[in-house]
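Engineer:
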Amino acid sequence: MAAAIGCGGGSVSAFGPTPTPNPSPSPVPSPTPTLPQGTIGLKVLDTSVPPGGIFQWQLSNTEPKPIGHGSTRPQVPTGPVRGVAVNDPSGHAAGIAVVAPSGITIQIKSPDDPNPLLGTNVDYPVVTMSMPLSASATPGATSTIGIDTGSTTLFQNNSTQYTTLEFNPGTLTIAPSASPFVSDVIPGGGLLADRSSIRILGANFDANTRVSIEGTTIVPSEVTLVSASEIDVKICNGTVADGAATCPNNGTNFQLDGERVRVKNQATNFVNEYYSYPRADDAGSSSTGLVNEVHPMYSRQTYLSATIPFVHSSTQFTGLSLQNTNALDSGIKVELLDAGNNSVATPVTFLLQGINNGPSSVRGTKITRDVLADWFPSAPASATTVRVTVTSGPAVQALGMLGDTSAGTVAPVIPQ
48 MAAAIGCGGG
58 SVSAFGPTPT
68 PNPSPSPVPS
78 PTPTLPQGTI
88 GLKVLDTSVP
98 PGGIFQWQLS
108 NTEPKPIGHG
118 STRPQVPTGP
128 VRGVAVNDPS
138 GHAAGIAVVA
148 PSGITIQIKS
158 PDDPNPLLGT
168 NVDYPVVTMS
178 MPLSASATPG
188 ATSTIGIDTG
198 STTLFQNNST
208 QYTTLEFNPG
218 TLTIAPSASP
228 FVSDVIPGGG
238 LLADRSSIRI
248 LGANFDANTR
258 VSIEGTTIVP
268 SEVTLVSASE
278 IDVKICNGTV
288 ADGAATCPNN
298 GTNFQLDGER
308 VRVKNQATNF
318 VNEYYSYPRA
328 DDAGSSSTGL
338 VNEVHPMYSR
348 QTYLSATIPF
358 VHSSTQFTGL
368 SLQNTNALDS
378 GIKVELLDAG
388 NNSVATPVTF
398 LLQGINNGPS
408 SVRGTKITRD
418 VLADWFPSAP
428 ASATTVRVTV
438 TSGPAVQALG
448 MLGDTSAGTV
458 APVIPQ
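For the sequence shown, the numbering used here assigns the number 48 to the initial residue and increments by one for each residue that follows.
Structure below.
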């Protein structure tokens with residue numbers, strides 16, 4: 048069994064050797080920072096999406112500055128949120144978005160203290176959030192997309208706060224109705240072998256639509272226009288000569304997480320960009336309303352065994368979110384442990400379905416629960432730790448949560 052690296056607060060136990068997350072491609076060197084010490088620059092990228100398309104809010108550093116942890120409140124059009132993702136070169140950072148009627152709050156955290164890589168590569172947004180646009184949106188209309196700077200707090204490591212924030216908002220433009228857009232990428236992430244097939248889903252694709260994926264090459268012979276809502280491609284991660292129509296079959300593996308997928312209409316020059324992330328279908332809901340407002344932002348780390356501190360008070364609670372984007376199902380066991388690592392309650396067991404058995408057949412499943420209210424309503428006072436173990440099948444993504452029903456907040460807790 049294995050446990051994750053990182054910090055989650057409190058005293059926890061790790062079991063077995065520390066696993067290594069999927070390696071990232073070597074980032075392109077970023078320019079030398081010009082902002083003074085203690086200042087961080089952020090921007091929201093401009094984007095253009097037709098009515099009914101998937102709008103992706105993309106928050107990025109203006110220059111490389113490390114982010115240890117922080118929070119912000121996006122300023123976006125009113126509507127549902129489909130998913131949120133955090134991107135960093137190490138693959139260790141995680142976060143939580145709470146989507147409440149009063150607004151959206153995002154918290155992110157990197158365990159790589161004192162030298163986090165989150166925010167150090169400006170080629171990738173720090174956070175992306177996907178939202179479906181109304182089909183009645185007016186083409187040509189524009190709106191400002193940004194953050195509430197007064198509610199934004201960022202730290203360059205575990206303890207040192209940035210004292211100054213420089214921020215540039217972006218613009219959302221409603222494109223003509225027939226413009227192409229990306230709604231999903233399958234698989235959305237993972238370390239893929241060269242020549243792996245990727246499905247680009249969306250709408251308004253035709254013979255004029257061109258697809259590119261940052262960090263790899265797509266050659267013309269490996270592109271299939273399946274329908275107006277799907278284009279299939281094969282990545283070519285080897286060295287391709289200019290103008291080559293075929294892939295040389297000499298490439299290495301490719302990390303898809305957080306890469307920019309671009310579709311362009313050659314006739315109109317319209318471009319839509321989408322940053323990929325693995326996502327899964329929800330497996331039911333929690334009895335705690337605040338937990339149902341949570342959108343977990345998993346690290347790329349996967350776990351066979353991991354622990355988080357167990358907090359249970361009048362208003363605070365511990366939550367746990369698990370995601371399986373593998374082909375096969377994973378058997379899960381959740382236990383409560385005391386300070387001596389002894390199990391103190393009857394374990395909860397269930398099957399977390401993979402892609403082959405998931406409800407959508409193209410994505411796996413995820414589960415987000417209040418550990419006390421949903422699984423252990425009679426937890427003994429001696430319980431100090433939650434342990435999750437994969438009893439069968441592949442390792443899964445995991446994220447702990449520290450919630451407060453009085454404050455309406457949920458903070459990420461990175462498992463050990």
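Even for Gly, the Cβ is constructed at its ideal location relative to N, Cα and C.
(1) How about R416 and D328: are their beta carbons less than 7 Å apart?
(2) Which whole-angstrom value describes the C-beta separation of T431 and D376, a residue pair presumed to lie in contact below a C-beta threshold of 8 Å?
(3) Since T200 contacts S107 with CB under 8 Å, what's their CB separation in whole angstroms?
(4) Which of the three DSSP states is assigned to N312 in this structure?
(5) List the residues that DSSP assigns as beta-bridge partners of W104.
(6) I think G298 touches D241, with their Cβ atoms under 8 Å apart; what is that distance to the nearest whole Å?
(7) Tell whether a beta-carbon distance below 7 Å holds between S323 and V258.
(8) T210 to P113, Cα distance in whole Å?
(9) According to DSSP, is S198 part of a helix, a strand, or is it coil?
(10) The beta strand (DSSP E) with G366 in it runs from where to where?
(11) Who are S137's beta bridge partners in DSSP?
(12) Does the beta-carbon of Q463 have 16 or more other beta-carbons within 10 angstroms, so that it is buried, or is it exposed?
(13) What does a CB cutoff of less than 6 Å around T218 pick up in its chain, not counting 5 residues either side in sequence?
(14) Can you tell me whether DSSP reads A458 as helix, strand or coil?
(15) Could you work out which residue in V437, G450, G378 is closest to V418 when comparing CA atoms only?
(16) Starting from the C-beta of I155, find all residues in its chain whose C-beta is less than 8 Å away, skip the five residues before and the five after it, and write them out in chain order.
(17) Exposed or buried, what is N319 when buried is set at 16 or more other beta-carbons lying within 10 Å of its beta-carbon?
(18) Just the Cα atoms here: how many angstroms apart are V20 and M448?
(19) With distance defined between alpha-carbon atoms, name the residue in L212, S177, P161 nearest to N204.
(20) According to DSSP, is L212 helix, strand or coil?
(21) Leaving out the 5 sequence neighbours to the left and right, which residues in its chain are closer than 6 Å to V131 when beta-carbon positions are compared?
(22) Per DSSP, what are the beta-bridge partners of Q444 in this structure?
(23) What separation, rounded to the nearest whole angstrom, lies between the Cα atoms of D289 and I245?
(24) Where are the beta strand (DSSP E) runs, 3 residues long or more, that stay fully inside the stretch 208-259, in chain order?
(25) With distances taken Cα to Cα, identify the nearest neighbour of P83 among P111, P97, V91.
(26) Measure the CB-CB distance between S334 and A420 and report whether it falls below 7 Å.
(27) Looking only at DSSP bridge pairs, what is T119 linked to?
(28) Using the beta-carbon count (16 or more within 10 Å), is V273 buried or exposed?
(29) Ends of the beta strand (DSSP E) at D93?
(30) Put L375 into one of helix, strand or coil per three-state DSSP.
(31) Using a Cβ-Cβ cut-off of 6 Å (strictly less than) and excluding sequence neighbours within five positions of Q363, which residues of its own chain qualify?
(32) Whole angstroms is fine: what's the gap from A426's alpha carbon to W104's?
(33) In chain order, what residues of the same chain have a beta carbon less than 8 Å from the beta carbon of W422, not counting five sequence neighbours either side?
(34) Classify P267: buried if its beta carbon has 16 or more other beta carbons within 10 angstroms, exposed otherwise.
(35) Could you tell me the alpha carbon to alpha carbon distance between P441 and G237, rounded to whole angstroms?
(36) Identify whether L272 lies in helix, strand or coil by the three-state DSSP scheme.
Structural biologist: Working from what's here:
(1) no
(2) That pair is no contact at about 30 Å.
(3) With a Cβ gap of about 18 Å, T200 and S107 do not count as contacting.
(4) strand
(5) M176
(6) 3 Å
(7) no
(8) 14 Å
(9) helix
(10) 363-371
(11) Answer is none; S137 lacks a bridge partner.
(12) buried
(13) D93, T189
(14) strand
(15) G450
(16) I114, H116, G117, S118, V133, A140, A141, G142, L165, V173, V174, M344, P459
(17) buried
(18) Nothing about residue 20 can be reported from this structure: the residues present for the chain run from 48 to 463 only.
(19) P161
(20) strand
(21) A144, M176, H342, M344
(22) Q370
(23) 22 Å
(24) 211-215, 217-221, 228-233, 244-250
(25) P111
(26) yes
(27) I153
(28) exposed
(29) Per DSSP, D93 belongs to no beta strand (DSSP E) and is neither H nor E.
(30) coil
(31) D451
(32) 40 Å
(33) V381, V395, R416
(34) exposed
(35) 14 Å
(36) strand
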